[in-house]
Every structure is written in structure tokens, then in C-alpha cells.
Amino acid sequence: MSSAAKILLIEDDPGIVVSLRRVLAEEGYEVLVETRGDTGLARARDRSLDAVITDMRLPGLGGLDLIRELHDAKPRLPIILITGHGTTETAIEATKLGAYDYMLKPLELPEFIGLVGKAVTSSRLMTEPVEVGEHGAARNALVGNSRVMQSIYKEIGRVASKPVNVLIRGETGTGKELIARALYQHSDRAKAPFIAINCAAIPETLLESELFGHERGAYTGAENRRIGRFEQADHGTIFLDEIGDMTPGTQIKLMRVLQERCFQRLGGKETIPTDVRVLAATNRDLEAAIQHKQFREDLYYRLSVVVIQLPPLRQRKEDVPELVKYFLRKYAAELGVADPSIHAEAVAFLQTENWPGNVRELENVVRKVLLLAQGYTINMDHVRAALARVATPSNAAHQSLREQVDELLAAAQRGELNDAHARLLTAAEREIFSRAIELAHGNQAKAARWLGVSRLTMREKLHQFGIHPAQDHPET
Ligand SMILES: Nc1ncnc2c1ncn2[C@@H]1O[C@H](COP(=O)(O)OP(=O)(O)OP(=O)(O)O)[C@@H](O)[C@H]1O
Ligand SMILES: [Mg+2]
Numbered sequence: 001m002s003s004a005a006k007i008l009l010i011e012d013d014p015g016i017v018v019s020l021r022r023v024l025a026e027e028g029y030e031v032l033v034e035t036r037g038d039t040g041l042a043r044a045r046d047r048s049l050d051a052v053i054t055d056m057r058l059p060g061l062g063g064l065d066l067i068r069e070l071h072d073a074k075p076r077l078p079i080i081l082i083t084g085h086g087t088t089e090t091a092i093e094a095t096k097l098g099a100y101d102y103m104l105k106p107l108e109l110p111e112f113i114g115l116v117g118k119a120v121t122s123s124r125l126m127t128e129p130v131e132v133g134e135h136g137a138a139r140n141a142l143v144g145n146s147r148v149m150q151s152i153y154k155e156i157g158r159v160a161s162k163p164v165n166v167l168i169r170g171e172t173g174t175g176k177e178l179i180a181r182a183l184y185q186h187s188d189r190a191k192a193p194f195i196a197i198n199c200a201a202i203p204e205t206l207l208e209s210e211l212f213g214h215e216r217g218a219y220t221g222a223e224n225r226r227i228g229r230f231e232q233a234d235h236g237t238i239f240l241d242e243i244g245d246m247t248p249g250t251q252i253k254l255m256r257v258l259q260e261r262c263f264q265r266l267g268g269k270e271t272i273p274t275d276v277r278v279l280a281a282t283n284r285d286l287e288a289a290i291q292h293k294q295f296r297e298d299l300y301y302r303l304s305v306v307v308i309q310l311p312p313l314r315q316r317k318e319d320v321p322e323l324v325k326y327f328l329r330k331y332a333a334e335l336g337v338a339d340p341s342i343h344a345e346a347v348a349f350l351q352t353e354n355w356p357g358n359v360r361e362l363e364n365v366v367r368k369v370l371l372l373a374q375g376y377t378i379n380m381d382h383v384r385a386a387l388a389r390v391a392t393p394s395n396a397a398h399q400s401l402r403e404q405v406d407e408l409l410a411a412a413q414r415g416e417l418n419d420a421h422a423r424l425l426t427a428a429e430r431e432i433f434s435r436a437i438e439l440a441h442g443n444q445a446k447a448a449r450w451l452g453v454s455r456l457t458m459r460e461k462l463h464q465f466g467i468h469p470a471q472d473h474p475e476t
């Protein structure tokens with residue numbers, strides 16, 4: 001993992017400070033505390049922070065003024081407002097002023113932790129630079145010098161600063177999110193917020209409310225007004241990931257925003273102007289979806305003023321060696337391995353793979369290989385073992401643990417492998433984590449609580465097993 005995320009907590013109630021500091025530290029965050037609004041603002045201004053959590057009523061400077069000034073000074077820094085009962089209106093005001101989100105006291109801790117996690121991720125999406133076509137020390141780089149990738153880098157340079165919508169297409173794991181971030185970071189909106197929304201992970205009504213907000217009573221459960229992302233991210237960039245999964249009802253509303261640059265909150269009459277650049281991504285065949293009337297053709301044309309089509313890894317195998325080197329370096333730093341090396345034939349072998357999961361799958365394999373080699377030069381055996389382990393989960397998805405035990409033991413008896421124990425533990429662990437996240441509807445905080453592990457462990461394991469939880473609810 002990269003360095004611990006830094007969070008500034010501005011709160012004057014010593015009891016809350018003690019408990020939140022502990023909870024956040026347990027999640028692996030570095031926590032700074034200020035007990036006054038004015039000193040909090042000063043500290044937030046000159047610190048490299050990942051998120052700020054602030055109380056509403058504070059000595060020196062109130063929460064709302066603090067948010068106004070801080071958001072002006074650092075528009076990409078997520079600010080979460082926590083406030084006592086009965087002040088929903090001010091919480092809404094805070095969102096309008098640019099707060100990332102708010103929560104009412106008393107805080108529901110799992111929800112609070114989930115929200116802080118989202119804010120930190122969002123902050124890193126904005127601030128961790130994505131290097132294009134070179135990869136000095138960056139944790140995030142678009143690597144690969146194949147012809148196709150070079151023309152993509154050129155395209156990024158050409159369109160990043162133009163006020164046009166861009167549609168990014170490509171199979172899973174080809175780097176669509178990285179491209180979206182690169183486009184944002186090289187745009188003239190790079191100082192304003194970048195908000196990523198996964199359209200596939202949020203049910204229809206909640207997605208509409210997330211995007212456009214709602215008035216009180218707009219639907220059952222809408223107890224208060226909520227400000228949507230299009231209102232909040234005015235002058236910024238919205239990244240609509242998995243746009244192909246957006247329902248027709250929401251597509252109409254999105255169409256209207258793109259066409260008229262204004263919208264209404266759900267259940268509202270007021271027309272609200274907005275100036276937002278939309279980047280969208282999908283791995284779906286949108287042309288087929290249009291034919292089946294699942295995707296609006298007019299919306300498709302609005303979104304695809306510029307299309308960036310990412311090739312699957314199997315069509316640019318010449319990039320594999322460079323990617324392998326890049327991931328080795330990246331994970332060696334993370335796992336504390338000095339100077340990792342790999343045999344040329346092992347790299348060549350990786351180059352012959354088909355990579356249905358594309359760069360993400362290659363990345364997972366390289367990470368595993370690095371662990372298996374335990375500091376020695378990586379050879380074919382390590383690579384084969386890592387590939388087998390990655391393959392196990394997909395076979396395993398429909399197999400009971402008992403069946404896997406039998407199968408692996410049979411293979412061991414035939415002399416085909418000698419690490420059945422390690423493989424089974426991995427398989428069992430994978431089953432535990434993927435089931436928990438499934439039953440928790442993608443809510444990582446909840447799943448972690450059930451399993452009695454920290455959120456950090458949860459994230460690590462999900463990453464290790466290549467599990468990408470679909471979030472059933474927006475968690476906000
Ligand atoms: N060209 C590249 N160079 C280096 N890393 C890459 C490249 N492309 C993708 N990656 C890495 O592969 C992983 C998957 O990339 P990303 O999430 O951008 O893919 P995606 O197309 O959005 O996938 P999905 O369709 O599953 O959402 C990330 O860890 C990303 O950093
Ligand atoms: Mg993606």
C-alpha cells in the first residue's frame with residue numbers, strides 16, 4: 001500500500017476527538033487534530049492532506065465559513081462535515097459550498113468509516129499523478145510503447161484540455177480509469193474536483209439522486225433534500241464509469257444535462273444550471289445496446305464526441321515486458337523486496353498468455369510471482385505457480401471447497417503439484433472474502449466487521465484476489 005492517508009479532524013468536543021481518532025487510527029489513517037476552526041483552516045491550508053473532517057460549531061471560525069474558505073483554496077481536498085441533529089439545512093448548504101459530504105451526529109461508525117474511505121480514494125484519484133508514456137517514480141503510469149498506446153497518448157494530449165466529452169472504451173482491466181484520470185489531470189479543470197461514479201454499482205433511483213440530488217419527499221426514504229454531484233461538481237469533471245449499465249430513465253436525464261446544461265433535482269421544480277465536463281467509460285458493446293433499445297442513440301452521440309478505444313493486452317503483447325518491469329518495481333517497493341529480477345524466458349512466457357483480465361490480471365500475477373520468488377530471481381516455475389493460483393479462483397467459483405480439496409489432493413497424488421496446502425488456504429480465504437463482500441452488497445466496511453479484520457486487510461485481500469466488489473448502494 002502507499003503511505004498512510006493523512007486526515008485532519010477539526011472538532012472541539014474532546015470525547016468525539018478521542019473516539020474518532022482511535023477509530024481512524026485503527027483503519028490505518030494518520031490523524032491530525034485541531035480544536036478550533038481558525039487554526040484548523042490554517043493547518044489545512046499548508047498541509048498535504050487526503051481529507052478533512054470538520055465539526056459545524058467551532059470556536060474561532062464556524063464549519064460553514066471554514067468549508068467556504070478551504071474549498072476555495074483547495075478545491076480538490078474532500079471535506080466531510082459532521083454535525084448535530086436538526087441542522088440538515090446547513091449540511092445541505094455545506095454541500096453547496098463544496099463539502100464532499102456530511103454526516104449527522106451521532107455517527108454510525110461503519111458508515112462514517114465507509115465515507116472517509118470514499119473521500120480518501122476520491123482525493124487520491126485527483127491528486128496522485130498519472131504519468132503518460134513514461135514511468136519515473138510514479139505509482140500511477142500509463143505504461144507501454146506499442147503503436148496503439150502511443151497514438152492514445154497523443155490523443156490524450158490533443159483532447160485533454162478541450163471542453164469536449166470523451167468516451168473511453170475497452171475490455172475490463174485495459175486502463176479506462178487511468179485514462180480518465182490522465183485526461184482530467186491534463187485538463188484546464190485539473191484544479192477543480194473530479195468525481196467518479198460507477199453507474200453499475202448503484203440502483204436506479206439512488207443513482208439519479210446521486211447525480212442530480214432530490215427534494216424532500218421525492219421518493220420513499222427521501223427525508224431531506226440532497227445535493228447531487230452535478231450541482232456539487234460545478235466547473236469540475238464527472239467520470240461516469242460503466243455508462244453502458246445506466247438505465248434508460250437516467251439516460252434521459254443525463255441527456256438533458258448534456259444538451260441544456262441544466263437539470264432539476266428529483267421531485268424539484270427549480271432549474272439549476274451546471275457546467276460539468278463528462279468523461280464516460282464502458283466495456284459494453286454500445287452499438288448493440290442501441291439496437292436493442294437499451295441505450296439511447298442521442299446520448300451516445302453526445303458522449304462520444306471523442307472516443308478513446310483501448311486495445312486488449314493480447315493485441316499489444318510487445319508492451320508486456322515493460323509492464324512486467326513496471327509492476328515488479330511498483331510492488332517490490334510496496335512489499336519491501338530489493339532489486340527484483342526476472343529471467344528473460346519467464347517474461348517471454350508471460351508474453352504468450354492471453355490475459356482475459358488484461359493489464360489488471362497481469363498486474364495481479366506479477367505481484368504474486370514476486371511473493372512466490374521470495375527475493376530470488378523470478379523463473380518459469382514461479383510464473384507457472386502464480387498463473388495456477390490466479391486460475392484457481394475462476395474454476396473455483398462454482399466448486400465447493402470440498403470438491404477443490406479432492407481435486408487438488410488428486411493432483412498432488414499424481415505428482416502434479418506439491419503445494420496443495422498453500423493452494424487450499426488461498427482458495428478458502430478467497431471464498432471467505434468474496435462471499436462476505438457479496439453478502440455485504442459490496443460494503444467493505446460491513447464485510448470487514450463481520451470477518452473481524454481491519455478495512456486495510458479487507459482492501460488488501462480484495463486486491464490480492466482480484467475481487468472487485470459491486471457496490472449495491474452509494475454508502476452516502
Ligand atoms: N497502460 C497501463 N500501464 C500501467 N498500468 C495499467 C495500464 N493499464 C491499466 N493499468 C493498471 O491495471 C489496472 C486496471 O486498470 P483500470 O482500473 O484503469 O482498468 P479499467 O479499464 O477501468 O477496468 P474495468 O473495466 O474493470 O473497470 C489498474 O491497476 C491500472 O493501474
Ligand atoms: Mg474501471
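First residue of the sequence shown? That's 1 in my numbering, and the numbers climb one at a time after it.
Ideal Cβ positions, reconstructed from N, Cα and C, are used throughout, including at glycine.
Identify every run of the alpha helix (DSSP H) within the segment 226–268, keeping only runs that are complete inside it and at least 4 residues long; order them along the chain. If only complete runs of 4 or more residues are kept, the segment 226–268 shows the alpha helix (DSSP H) at 229–232, 248–260, in order along the chain.
How do the segment 207–216 and the segment 224–235 stand: do at least 3 beta-carbon pairs fall below 8 Å, yes or no? Cβ pair count under 8 Å is three or more, so yes.
Can you name, in chain order, every residue of its own chain whose Cβ lies under 6 Å from the Cβ of N165, other than the five neighbours on each side? On the sequence shown, position 165 is the one that residue 165 refers to. If we look at N165 and ignore the five residues flanking it on each side, its Cβ neighbours are V278, L303, V305.
Spell out the partners DSSP gives P59 in its beta bridges. In the sequence shown, residue 59 corresponds to position 59, counting from 1. In the DSSP secondary-structure assignment, P59 is not bridged to any residue.
I'd like the span of the beta strand (DSSP E) that includes Y102, first residue to last. Taking the first residue of the sequence shown as position 1, residue 102 is located at position 102. Segment 101–104, the beta strand (DSSP E) holding Y102.
Per DSSP, cross-strand counterpart(s) of K6: For this step, residue 6 is matched to residue 6 along the sequence shown. Beta-bridge pairing by DSSP links K6 to E30.
Going by DSSP in three states, Q294 sits in which element: helix, strand or coil? Here residue 294 is taken as the residue at index 294 of the sequence shown, counted from 1. In the three-state reduction of the DSSP assignment, Q294 falls in the coil class.
Using 10 angstroms around the beta-carbon of V31, count the other beta-carbons present and answer buried if the total reaches 16, otherwise exposed. Counting from one through the sequence shown, the residue named residue 31 turns up at place 31. Buried, by the Cβ-count rule.
Mind checking N224: buried by the 16 CB within 10 Å criterion, or exposed? Here residue 224 is taken as the residue at index 224 of the sequence shown, counted from 1. Exposed, since its Cβ has fewer than 16 Cβ neighbours within 10 Å.
What's the C-alpha gap between I7 and G60? Here residue 7 refers to the residue found at position 7 when the sequence shown is read from its first residue. Here residue 60 refers to the residue found at position 60 when the sequence shown is read from its first residue. Approximately 20 Å between the Cα atoms of the pair.
Nearest-angstrom Cα separation, counted from T35 out to D12: Sequence index remark: in the sequence shown, residue 12 carries index 12 (1-based). Sequence index remark: in the sequence shown, residue 35 carries index 35 (1-based). So the two alpha carbons sit approximately 4 Å from each other.
Can you check whether the C-beta of V143 is within less than 9 Å of a C-beta belonging to chain B? In the displayed structure, chain B is absent; only one protein chain is listed.
Report the option in Y102, G114, T39, D38 whose CA atom is closest to the CA atom of Y29. Within the sequence shown, residue 29 is the residue found at index 29, counting from 1. Of Y102, G114, T39, D38, the residue nearest in Cα terms is G114.
Based on DSSP bridge pairs, tell me the residues matched to E131. Against the sequence shown, residue 131 aligns to sequence position 131. According to DSSP, which records beta bridges pairwise, E131 is partnered with A141.
For V405, which residues of its own chain have a beta-carbon under 8 Å away from its beta-carbon, when the five flanking residues on both sides are left out? Here residue 405 is taken as the residue at index 405 of the sequence shown, counted from 1. So the qualifying residues of the chain are L424.
Among all residues, which have a Cβ less than 7 Å from at least one non-hydrogen atom of ligand 2, and in what chain order do they fall? Any residue whose Cβ sits closer than 7 Å to a heavy atom of ligand 2 makes the list: K176, E177, D241, A281.
Once you ignore the five residues that flank L409 on each side, which residues in its own chain have a CB closer than 8 Å to its CB? Position 409 of the sequence shown, counted from the first residue, corresponds to residue 409. The residues are A420.
May I ask whether a heavy atom of ligand 1 can be found less than 8 Å away from the beta carbon of N165? Position 165 of the sequence shown, counted from the start, is the residue given in the question as residue 165. N165 Cβ: outside cutoff for every heavy atom of ligand 1.
Assigned exposure category for H292 - 16 Cβ within 10 Å defines buried: Taking the sequence shown and counting its residues from 1, one reaches residue 292 at position 292. Exposed: under 16 other Cβ atoms inside 10 Å.
Ignore the nearest five residues each way along the sequence and tell me which others in T247's own chain have a CB closer than 6 Å to its CB. Numbered from 1 along the sequence shown, position 247 holds the residue referred to as residue 247. Answer for T247: E204, listed in chain order.
Three-state secondary structure assigned by DSSP to F327: Walking along the sequence shown from the start, residue 327 turns up at place 327. Looking at F327 - three-state DSSP - the assignment turns out to be helix.
Coil, strand or helix - F194 by DSSP: Start at 1 with the first residue of the sequence shown, and residue 194 comes out as number 194. Assigned with DSSP and collapsed to three states, F194 falls in strand.
Which one of T121, Y326, A346, S400 has the shortest CA to CA distance from D381? Within the sequence shown, the letter at position 381 stands for residue 381. The shortest Cα separation from D381 among T121, Y326, A346, S400 belongs to A346.
Would you check if the segment 351–366 and the segment 184–191 touch, i.e. whether three or more CB-CB distances between them fall below 8 Å? Output reads no: the segment 351–366 does not touch the segment 184–191.
Proximity below 9 Å, CB of G144 to CB of R316: Within the sequence shown, the letter at position 144 stands for residue 144. Within the sequence shown, the letter at position 316 stands for residue 316. Their beta carbons are under 9 Å apart, which means G144 touches R316 by this criterion.
Mapping DSSP to helix, strand and coil, what is A396? For the purposes of this step, residue 396 is taken as the residue at position 396 of the sequence shown. Any reading at A396 must be qualified, since the residue scores a pLDDT of 48, below 50, and its modelled position is unreliable; no value is offered.
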